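Residue numbers (my numbering), protein chains in the order written: chain P, 12 to 251; chain V, 12 to 251.
Protein chains: 2
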Amino acid sequence: MGGIGKYIYRVEPRDVDFTRQVTLMAVGDNILHAAGEDADRNGFGLRVLSANNASWVLSRFAVEMERRPVQYEKLCVETWVGEVSRLMTTRNFRVSDENGKQIGAAVSYWAMIDLTSRQPLDLRSNPEYLKAVYEEPSPIEKPGRIARVNPVRIEPHRVVYSDVDFNRHANSMKYLEWMVDMLPVEWHTERACRRYTLNFMHEARYGDQLEVCFEDATASLFEIRNTEGVALCRASLEWK
Amino acid sequence: MGGIGKYIYRVEPRDVDFTRQVTLMAVGDNILHAAGEDADRNGFGLRVLSANNASWVLSRFAVEMERRPVQYEKLCVETWVGEVSRLMTTRNFRVSDENGKQIGAAVSYWAMIDLTSRQPLDLRSNPEYLKAVYEEPSPIEKPGRIARVNPVRIEPHRVVYSDVDFNRHANSMKYLEWMVDMLPVEWHTERACRRYTLNFMHEARYGDQLEVCFEDATASLFEIRNTEGVALCRASLEWK
Numbered sequence: 012m013g014g015i016g017k018y019i020y021r022v023e024p025r026d027v028d029f030t031r032q033v034t035l036m037a038v039g040d041n042i043l044h045a046a047g048e049d050a051d052r053n054g055f056g057l058r059v060l061s062a063n064n065a066s067w068v069l070s071r072f073a074v075e076m077e078r079r080p081v082q083y084e085k086l087c088v089e090t091w092v093g094e095v096s097r098l099m100t101t102r103n104f105r106v107s108d109e110n111g112k113q114i115g116a117a118v119s120y121w122a123m124i125d126l127t128s129r130q131p132l133d134l135r136s137n138p139e140y141l142k143a144v145y146e147e148p149s150p151i152e153k154p155g156r157i158a159r160v161n162p163v164r165i166e167p168h169r170v171v172y173s174d175v176d177f178n179r180h181a182n183s184m185k186y187l188e189w190m191v192d193m194l195p196v197e198w199h200t201e202r203a204c205r206r207y208t209l210n211f212m213h214e215a216r217y218g219d220q221l222e223v224c225f226e227d228a229t230a231s232l233f234e235i236r237n238t239e240g241v242a243l244c245r246a247s248l249e250w251k
Numbered sequence: 012m013g014g015i016g017k018y019i020y021r022v023e024p025r026d027v028d029f030t031r032q033v034t035l036m037a038v039g040d041n042i043l044h045a046a047g048e049d050a051d052r053n054g055f056g057l058r059v060l061s062a063n064n065a066s067w068v069l070s071r072f073a074v075e076m077e078r079r080p081v082q083y084e085k086l087c088v089e090t091w092v093g094e095v096s097r098l099m100t101t102r103n104f105r106v107s108d109e110n111g112k113q114i115g116a117a118v119s120y121w122a123m124i125d126l127t128s129r130q131p132l133d134l135r136s137n138p139e140y141l142k143a144v145y146e147e148p149s150p151i152e153k154p155g156r157i158a159r160v161n162p163v164r165i166e167p168h169r170v171v172y173s174d175v176d177f178n179r180h181a182n183s184m185k186y187l188e189w190m191v192d193m194l195p196v197e198w199h200t201e202r203a204c205r206r207y208t209l210n211f212m213h214e215a216r217y218g219d220q221l222e223v224c225f226e227d228a229t230a231s232l233f234e235i236r237n238t239e240g241v242a243l244c245r246a247s248l249e250w251k
């Protein structure tokens, strides 16, 4: 247990866009799936936590990709637990192609919450979790805090049935999907997203009426707000 | 080759809704994925067809489920080629759970088209395809033609980046998603969809402005129309 876990994925037809390359959401989904599998392997997966009325909450996520693999390519996601502080832990990832060449990496921050109080639990009081820590630095810059966005364009989005996951809130990759759907479609052929960073601040729930705000700065900046103007999620997409 | 192909899936966290049961879309996606794998196995998969400037087009699809399996359950999809007429072929499916108990079945109609002319090709002139036919009847009633819908509710939908697949049109399961997202959310806990039938009539492309029309009859009836009022897709969802 502990150490580096290794998980293989294949880019399926449903994971690709019209360029036949894997979408940013599907890459993120594979990486987060590997996180779930590796937590399971180490005895602190969602099923064990849920029996203890606890759950993992994704707080920040950064993904870098040199290229987007195409349909039917295999990906290998390696993952390990990095630092652990009282209320937050880092999980790191490396993504390689079938030839073993590294083509991407990611860093995620997680909190463990009590499902009744919704308050974070002290990770350092969990000896199982501390045992899983692996001494290898994060492969890319950690996900920083994204500042408030000054939108040039705003699209409304009501949270629908298919947005909501087993946690009864909008799935992390759905926020990214709403954002990416606002970009000019030619960007997906003419540009390549070098890095994306997501900050998850508050949950979006079924029926919530949201605004997806876009600022076209050096990076593409996004903010998802509720009707009170509270930011639920922010993102920065950097292009090559 | 030929005969029955068998494909195993696991219900992943991204496949379930807030009830932790697999969505109707994810079941359909697994079934259609098995169709793709089995076509590959028999030498008439999309990659071979695409090298010949041809492709499969899904025309009708019916799925019946006794129950919706939950997160982490394994599913086995068995599939075989049924009848072949000049312009249309049937592919059949059985879905079983981990204990080998049959919990669902499906029937799909497909045409093979030339990608330049968009015209259907004569399936009976393809000896490879005829060899794959397996003499076992369809496990459920075939997908019938759904009549024009008289909507009680209409929701607009613009086709966005994430709706569009490698074929550059909206993915089949996306039509179903837009429909299911219009249903009262309690239906997903209080009712169970016994059978759904889809008719695919015309493609929806990126940027198309559509109307999703809902008629609450004995079954839930849906029609997706473009701005000219042309029906692109119709569906019927029957409930227990």
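Just so it is clear, CB atoms sit at the ideal spot from N, CA and C, and this is done for glycine as well.
Computed from a prediction, not measured in an experiment: that's the story for all the values here.
(message) Please confirm whether Q113(V) has its beta-carbon closer than 8 Å to some beta-carbon of chain P.
(response) no
(message) So, under 8 Å CB-CB, E188(P) and V223(P) are touching, yes? Tell me the CB distance rounded to an integer number of Å.
(response) Incorrect: roughly 10 Å between the Cβ atoms, too far for contact.
(request) Would you please verify whether the beta carbon of Y34(P) is less than 8 Å from any beta carbon of chain V? (result) Looking at the sequence provided, one finds Thr at residue 34(P) rather than Tyr. It does; some Cβ of chain V falls within 8 Å.
(message) Assuming E234(V) and R245(V) are in contact, meaning their beta carbons sit under 8 Å apart, how far apart are those beta carbons, in whole angstroms?
(response) 5 Å
(message) Within a Cβ cutoff of 7 Å, which residues of the same chain sit near D26(V), ignoring the five residues on either side of it in sequence?
(response) V33, T34 and A37
(request) Quick one: grab the DSSP three-state call for N210(P). (result) strand
(request) For the stretch 220-242 of chain V, enumerate the residues whose C-beta is nearer than 8 Å to any C-beta of chain P, in chain order. (result) none
(message) Once the 5 residues before and after D176(P) are set aside, which same chain residues still bring their CB inside 7 Å of it?
(response) N182
(request) Assign I19(V) to one of two classes, buried (16 or more other C-beta atoms within 10 Å of its C-beta) or exposed (fewer than that). (result) exposed
(request) May I have the straight-line CA-CA distance separating R236(P) from L243(P), to the nearest angstrom? (result) 6 Å
(message) Bridge partners for Q32(V) per DSSP, in chain order?
(response) V81(V)
(message) Give me the DSSP bridge partner(s) of E89(V).
(response) K17(V) and R105(V)
(request) Could you check if S231(V) is buried or exposed, using at least 16 other CB atoms within 10 Å of its CB as the buried criterion? (result) buried
(request) Under 7 Å Cβ to Cβ from L248(P), same chain only, skipping five residues before and after it: list those, please. (result) C204, Y207, A230 and S231
(request) Give the C-beta separation of E75(V) and G115(V) to the nearest angstrom, bearing in mind that I take them to be a contact with Cβ-Cβ under 8 Å. (result) 6 Å
(request) Consider the Cβ of R31(P): report whether some Cβ of chain V lies at a distance smaller than 8 Å. (result) yes
(request) Using alpha carbons as the reference points, say which of H199(P), N161(P), H168(P) and E214(P) lies closest to F225(P). (result) N161(P)
(request) Using 10 angstroms around the beta-carbon of G155(V), count the other beta-carbons present and answer buried if the total reaches 16, otherwise exposed. (result) exposed
(request) Please check the pair Y140(V) and L132(V), which I expect to be a contact at CB under 8 Å, by giving their CB distance rounded to whole angstroms. (result) Not a contact, Cβ separation roughly 10 Å.
(message) Looking at the secondary structure, which residues open and close the alpha helix (DSSP H) in which Y140(V) lies?
(response) P138 to K142
(request) Could you tell me whether the Cβ of G47(V) comes closer than 8 Å to any Cβ of chain P? (result) yes
(request) Could you round the C-beta distance between I124(V) and S66(V) to whole angstroms and report it? I think they count as a contact, below 8 Å. (result) 6 Å
(request) With 8 Å as the threshold, decide whether the Cβ of R179(V) is near any Cβ in chain P. (result) yes
(message) Can you find the residues in the same chain that come closer than 7 Å, C-beta to C-beta, to R97(P), ignoring five residues on each side of it along the sequence?
(response) D133, L134 and R135
(request) Would you identify the three-state DSSP class for M193(P), choosing helix, strand or coil? (result) coil
(request) May I have the straight-line CA-CA distance separating N41(P) from N53(P), to the nearest angstrom? (result) 18 Å
(message) Using the Cβ count rule (16 or more neighbours within 10 Å means buried), how would you classify D227(P)?
(response) exposed
(request) Can you grab the Cα-Cα spacing for the pair C185(P) / D174(P), in whole Å? (result) The sequence given here has Lys at residue 185(P), not Cys. Their backbone Cα atoms lie some 6 Å apart in a straight line.
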